[in-house]
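Peer 1:
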Amino acid sequence: MVHKTTVLADLRRTYWDSAFDFLSGTLQKPAIWAEPGLVIAQHMPVIIWCQGSWEAQEYYMHKEGSIDPWDRQFPLEQKNKAKFHIEHMSKAFAGIYKCYYKSPAGLSEHSDTLVLVQTGAYEKPNLYIWPSPAVTSGECITMQCISSLGFDRFILIQEGKHNLSLTLDSQQLTEMLCQGHFVLGSVTAKHNGTFRCYGCFWNNTQMWSTSSNPLDIQVSGKDPNPAFLKVNGNSYLL
1 MVHKTTVLAD LRRTYWDSAF DFLSGTLQKP AIWAEPGLVI AQHMPVIIWC QGSWEAQEYY
61 MHKEGSIDPW DRQFPLEQKN KAKFHIEHMS KAFAGIYKCY YKSPAGLSEH SDTLVLVQTG
121 AYEKPNLYIW PSPAVTSGEC ITMQCISSLG FDRFILIQEG KHNLSLTLDS QQLTEMLCQG
181 HFVLGSVTAK HNGTFRCYGC FWNNTQMWST SSNPLDIQVS GKDPNPAFLK VNGNSYLL
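The letter at position 124 of the sequence shown is residue 124 when you use UniProt numbering, and the numbering goes up by one with no holes.
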């Protein structure tokens, strides 16, 4: 099975505990985001921001599985947002978050979900490319993410402004090895950049392996038609 999606969209395919439904109000829901991003290496810091109304008196953060608020913060001075700081990323902080705020008018709606991933949980896979990292626009390239750990899923991520992300269910390569076989057809200039892959297991999709070795792709020439991902004879527009 192939999942053509951004990592963020892929990770957001989840539910939120209905026990928190009573918290939802009529105020506009706040925005939620993480800096420096959603995929954080083990032991590194991350900040989750919650931005709502200028009338907000206090912000609350819930982490899936928690009954009480995971944390609460007052708005920053002369700001309509609050900062929730994680000093050292670990398994305890990987998960699914929502925030909301309290104002004189009551409680706001919950924000959208934010899924925070920790990397470094397992040994890194290896990433290979064919025919070459230097290709002409319009050509097809294959990237193969290989591991001996029996991962259920592989994630391929492009660093930089285009931030292409793809996920594939694992395939058995040999008795000892599994793989994610990513085929990019008709590559364009947007594929220039550095790619890495990760592995994870179904029982905790927010815990990823250490990053694979980086692969730098250089695409030359004019762009043809849009690129696509080809798996088992089916094409998926990127």
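Glycine included, each C-beta is placed from N, C-alpha and C at the ideal position.
For W33, which residues in the same chain have their Cβ closer than 6 angstroms to its Cβ, ignoring the five residues on either side in sequence?
Peer 2: In the sequence shown, residue 33 corresponds to position 33, counting from 1. These residues qualify, in order along the chain: W49.
Peer 1: For residue 243 and L76, what's the separation of their Cα atoms in angstroms?
Peer 2: In this structure the chain extends from 1 to 238, so residue 243 is not present and cannot be described.
Peer 1: Just to confirm before moving on: does the CB-CB distance between Y122 and E58 stay below 8 angstroms?
Peer 2: Within the sequence shown, the letter at position 122 stands for residue 122. Within the sequence shown, the letter at position 58 stands for residue 58. No.
Peer 1: Taking the alpha carbon of K190 as the reference point, which residue from Q206, C197, A41 and G221 has its own alpha carbon closest?
Peer 2: Start at 1 with the first residue of the sequence shown, and residue 190 comes out as number 190. Ranking Q206, C197, A41 and G221 by Cα distance to K190 puts G221 first.
Peer 1: List the residues that DSSP assigns as beta-bridge partners of Y60.
Peer 2: Start at 1 with the first residue of the sequence shown, and residue 60 comes out as number 60. According to DSSP, Y60 bridges with R72 and Y100.
Peer 1: By the 10 Å Cβ neighbour count, where 16 or more other Cβ atoms means buried, how is M176 classified, buried or exposed?
Peer 2: Here residue 176 refers to the residue found at position 176 when the sequence shown is read from its first residue. Per the 10 Å Cβ criterion, exposed.
Peer 1: Within 10 angstroms of its Cβ, does Q171 collect 16 or more other Cβ (buried), or is it exposed?
Peer 2: In the sequence shown, residue 171 corresponds to position 171, counting from 1. Under this definition Q171 is an exposed residue.
Peer 1: For the beta strand (DSSP E) that G193 lies in, which residues bound it at each end?
Peer 2: Along the sequence shown, one-based indexing puts residue 193 at 193. Run containing G193: G193 to C200, per the beta strand (DSSP E) assignment.
Peer 1: Taking only three categories from DSSP, how would you classify residue 314?
Peer 2: The shown model of the chain, from 1 to 238, leaves out residue 314, and the question about it has no answer.
Peer 1: Whether or not the region 78-88 and the region 152-166 are in contact is what I'm after, with contact meaning three or more pairs of Cβ atoms, one per stretch, closer than 8 angstroms; do they touch?
Peer 2: In short, these stretches do not touch, since the Cβ pair count stays below three.
Peer 1: In the structure shown, what three-state DSSP assignment does Y122 receive?
Peer 2: The count along the sequence shown starts at 1 and reaches residue 122 at position 122. Of the three classes helix, strand and coil, the one that applies to Y122 here is coil, per DSSP.
Peer 1: What three-state label does DSSP hand L114 in the structure shown?
Peer 2: Position 114 of the sequence shown, counting from 1, holds the residue named residue 114. Strand at L114.
Peer 1: Using DSSP's beta-bridge definition, name the partner residues of M207.
Peer 2: By 1-based counting over the sequence shown, the position of residue 207 is 207. Paired residues: Q118.
Peer 1: Excluding five sequence neighbours on each side, which residues of the same chain lie with their C-beta closer than 6 angstroms to the C-beta of L164?
Peer 2: Here residue 164 refers to the residue found at position 164 of the sequence shown. Answer for L164: Q158, listed in chain order.
Peer 1: By the DSSP assignment, the beta strand (DSSP E) with W33 in it spans what residues?
Peer 2: As a first step, residue 33 must be located in the sequence shown, where it is residue number 33. A31 to E35 is the extent of the beta strand (DSSP E) around W33.
Peer 1: Should W54 go down as buried or exposed, given a rule of 16 or more other Cβ atoms within 10 Å for buried?
Peer 2: As a first step, residue 54 must be located in the sequence shown, where it is residue number 54. Exposed, because fewer than 16 other Cβ atoms sit within 10 Å of the Cβ of W54.
Peer 1: Rounded to the nearest angstrom, what separates S147 and F182 at their Cα positions?
Peer 2: Looking up residue 147 in the sequence shown gives position 147. Looking up residue 182 in the sequence shown gives position 182. Their Cα atoms are separated by approximately 14 angstroms.
Peer 1: Could you check what DSSP says for C50 in three-state terms: helix, strand or coil?
Peer 2: Along the sequence shown, one-based indexing puts residue 50 at 50. DSSP places C50 in strand when its eight states are reduced to three.
Peer 1: For G120 and P104, what's the separation of their Cα atoms in angstroms?
Peer 2: In the sequence shown, the residue the question calls residue 120 occupies position 120. In the sequence shown, the residue the question calls residue 104 occupies position 104. Taking the straight line from one Cα to the other gives about 43 angstroms.
Peer 1: Taking the alpha-carbon positions, what's the C145 to Q179 distance?
Peer 2: For the purposes of this step, residue 145 is taken as residue 145 along the sequence shown, with counting starting at 1. For the purposes of this step, residue 179 is taken as residue 179 along the sequence shown, with counting starting at 1. The straight-line gap from Cα to Cα measures roughly 5 angstroms.
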